[in-house]
Structure formats: structure tokens, C-alpha cells
Amino acid sequence: MRLLVTLPDAVLVDEPVARVDVDTVAGAWTLLPRHADVATVVVPGLLRFEPVAGGETFVANDHGVLVKVGSDVRVACDRAVVAGALAEATRTLTERFEARREQEVRARAALARLEADLVRRLGALRRTP
564 MRLLVTLPDA VLVDEPVARV DVDTVAGAWT LLPRHADVAT VVVPGLLRFE PVAGGETFVA
624 NDHGVLVKVG SDVRVACDRA VVAGALAEAT RTLTERFEAR REQEVRARAA LARLEADLVR
684 RLGALRRTP
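Shown next as C-alpha cells:
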């Protein structure tokens, strides 16, 4: 089976796998090479796959769509990150969430400055005869 996990602007995972475990709106599923074709909505969580070479890898994902056709499993997500092994997943996600939180704080501060500048300029326009 070949797993392809894509984001709107990149391919996150493209490799042969022995199995894929995923949480969907219909519950938790395990996909194996000879399973029937399916299309479903993926809920936020951890997608787990076993590469053909062995081991297991986790992908933290947001909402998405999964389509299995033949030996291809394709997952399209808005946001996702390869978290590696389960022990690394928590650390990786914590780092990503912290970075995102910092970006949001900076964005809110910039928006507040723009709003204050706009109000100041509108006030100046009203005062001009």
C-alpha cells in the first residue's frame, strides 16, 4: 500500500506502508492492503502508519479527507505534522502549538496597532475644517 498525506501546499508523507490507523467520523479504522476502497472524513487526531521497512510513525492531523483506492491511501488535511514515534509526538505537538500561539499573539498585537492608528487618523480627519 502507498500512503500519501498532503497539505494545501506540500506533500507531507509519500511512502509504502503495511497498515494505516486513522480516526474518522465513523470511528477508528485500520486500513490494510486488501481492504475495500473507501472515502471518509478524518477527524483531528493522530494518524498512525507502519512503513514497510518496519516501525511506526505518527502524524498529527487536523480535519481532512481520506480516500483508499486500490493500493493507494490518500489523506488531504489543512494542517498536519509528522510527529514521529509516539514518545516524540507529544513534544513535537507542544512545540508546534507553542510556536503557533506566539504567532497569534504577534498577529493580535499588530492588528491592535493598526486599529489604534486607524482610529487616530479618523479622529484627525474629523478635526480638520
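Okay, so the sequence shown: first residue is 564 according to the numbering used here, each after it adds one. Positions of the beta carbon are idealized from the N, C-alpha and C atoms, including for glycine.
Terminal residues of the beta strand (DSSP E) in which residue i lies
i: residue 603; result: 601-605
Pairwise C-alpha distance: residue j and residue i
i: residue 636; j: residue 668; result: 37 Å
i: residue 680; j: residue 625; result: 36 Å
i: residue 575; j: residue 643; result: 8 Å
i: residue 596; j: residue 583; result: 9 Å
i: residue 693; j: residue 663; result: The shown model of the chain, from 564 to 692, leaves out residue 693, and the question about it has no answer.
i: residue 682; j: residue 633; result: 59 Å
i: residue 641; j: residue 689; result: 44 Å
i: residue 616; j: residue 629; result: 23 Å
i: residue 564; j: residue 631; result: 10 Å
i: residue 658; j: residue 684; result: 39 Å
Beta carbon of residue i nearer than 7 Å to that of residue j
i: residue 620; j: residue 603; result: no
i: residue 639; j: residue 627; result: yes
i: residue 649; j: residue 612; result: no
i: residue 622; j: residue 585; result: no
Segment limits, alpha helix (DSSP H) that includes residue i
i: residue 737; result: Here the chain covers residues 564 to 692 and nothing more, so residue 737 does not appear.
Subject >> Touch test, the segment 568-579 against the segment 647-656, Cβ-Cβ under 8 Å, three pairs minimum >> reply: No contact exists between the segment 568-579 and the segment 647-656.
Original post:
Touching or not, the segment 606-614 and the segment 583-595, by the rule of three or more beta carbon pairs under 8 Å?
Top reply: yes
Original post:
What are the uninterrupted segments assigned as beta strand (DSSP E) that are 3 or more residues long and contained completely in the segment 566-654, given in chain order?
Top reply: Whole beta strand (DSSP E) segments, 3+ residues: 573-587, 590-594, 601-605, 608-614, 620-624, 627-632, 635-640, 643-647.
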